[in-house]
Amino acid sequence: MISARMLLLISRGVDHYERREYGRLFQMTRTFAYHKSNLTGQSKQDILRDTI
Numbered sequence: 001m002i003s004a005r006m007l008l009l010i011s012r013g014v015d016h017y018e019r020r021e022y023g024r025l026f027q028m029t030r031t032f033a034y035h036k037s038n039l040t041g042q043s044k045q046d047i048l049r050d051t052i
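Read in the UniProt record's numbering, the sequence shown has 11 at position 11, and its numbers run on one by one without any break.
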């Protein structure tokens with residue numbers, strides 16, 4: 001039998017892991033937009049809007 005406390009810990013762990021992955025993805029997208037705007041002279045907001 002899985003206790004409520006263990007269930008909470010498991011769900012929190014998954015949530016934390018997903019949040020970290022999304023954070024990394026978001027960071028990569030921002031970095032990509034930054035470099036591309038330096039190359040093309042397009043604004044970062046436009047690139048992010050086109051990418052996502």
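Ideal Cβ placement from N, Cα and C applies to all residues, glycine included. Here the structure is a predicted model, which means the values were calculated and not measured.
Residue i in three-state terms, based on DSSP
{"i": "Ser-3", "result": "coil"}
{"i": "Gly-41", "result": "coil"}
C-beta contact flag for residue i and residue j at 8 angstroms
{"i": "Leu-48", "j": "Ala-33", "result": "yes"}
Residue i versus residue j - alpha carbon distance
{"i": "Arg-5", "j": "Met-28", "result": "35 angstroms"}
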